[in-house]
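In our numbering, the protein residues as written are 1 to 229.
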């Protein structure tokens, strides 16, 4: 009987954040109806699994690289206010594809975008103007971001009107570049310890990322420990 009560308590502890996230997900979906709700759910899950890596993160950027570059596919949310701050076009790396990104890398010189969860860091003035450094949190997936100079910056080739005419947005060397008109504001919103989640339906990454499925893994560990005890 005592064991059953402990298991029930463990389930409640794991379920409580999930219930809270369900409410938050509903509000974010209402704020960003064009975003894929499954991608938003994964981004929130990654945020929860990264509490130790980014304990003070109040804002979350979500990039859905499964969408064409001619469509807005970057959403920036204030999670405390439960508010959408930006819905923007964003470039992918020229090595990742044309209008649709299909290839991703953590390798220097690939000119490909990287997937996964990043924590933002400091800003600086570089060759692309005001820019935001990001540190990838996923070994082998995006942890070479700083070495590769994968940063957020403004770029004139991020032009939705030109993209509509030429069939794709301009492309970067792997950086999530945005329109110059909004770059500084977006960067200042995301700098210093916020989170960016870059999604694509890559089966290996979805299966192996330590920031996806952490509740499921914790529950599995709890069940294993209970059975062994």
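Think of the CB as a built atom: it goes at the ideal place given N, C-alpha and C, for glycine as much as any other residue.
As the structure is a prediction and not an experimental result, all values here were calculated from the model.
For residue 155, the three-state secondary structure derived from DSSP is coil.
Just so you know, the alpha carbons of residue 182 and residue 61 end up roughly 14 Å apart. By the criterion of a C-beta distance shorter than 6 Å, residue 122 is surrounded in its chain by 133, once the five residues flanking it on both sides are discounted. The shortest C-alpha to C-alpha distance from residue 119 to any of 127, 139, 190, 159 is the one to 190. By a beta-carbon distance limit of 8 Å, residue 138 contacts residue 211. Their separation comes to about 7 Å.
Under the criterion of beta carbons closer than 8 Å, residue 160 and residue 92 do not qualify as touching, at roughly 15 Å.
In the assembly as shown, residue 45 is a buried residue. Its beta-carbon has 16 or more other beta-carbons within 10 Å. For residue 83, the secondary structure class from DSSP, reduced to helix, strand or coil, is strand. A Cβ-Cβ separation of about 7 Å places residue 114 in contact with residue 174 under the 8 Å criterion. Counted as a single uninterrupted DSSP element, the stretch harbouring residue 143 is not any alpha helix (DSSP H), since DSSP gives it neither H nor E. For the region 40 to 90, the continuous beta strand (DSSP E) assignments of 3+ residues that do not extend past its boundaries occur at 59 to 64, 74 to 78, 83 to 88, in sequence order.
Between residue 78 and residue 94 a beta carbon distance of about 32 Å is seen, past the 8 Å cut, so the two are scored as non-contacting. A Cβ-Cβ separation of about 5 Å places residue 70 in contact with residue 163 under the 8 Å criterion.
Around the beta carbon of residue 108, fewer than 16 other beta carbons sit within 10 angstroms, so the residue counts as exposed.
Sequence-distant Cβ neighbours of residue 180 in its own chain, meaning closer than 8 Å and more than five residues away, are 129, 154, 155, 156, 158. Put simply, the backbone Cα of residue 55 is about 43 Å away from that of residue 165. Burial state of residue 192 is exposed, judged by a 10 Å Cβ sphere holding fewer than 16 other Cβ atoms.
In the three-state reduction of the DSSP assignment, residue 102 falls in the coil class. When beta bridges are read from the DSSP output, residue 93 appears opposite 172. Annotated as distal: residue 167 and residue 80, with beta-carbon spacing of 9 Å or more. Judged by DSSP secondary structure, residue 186 falls within the alpha helix (DSSP H) whose first and last residues are 180 to 190. In the displayed model, residue 163 falls within a helix according to three-state DSSP.
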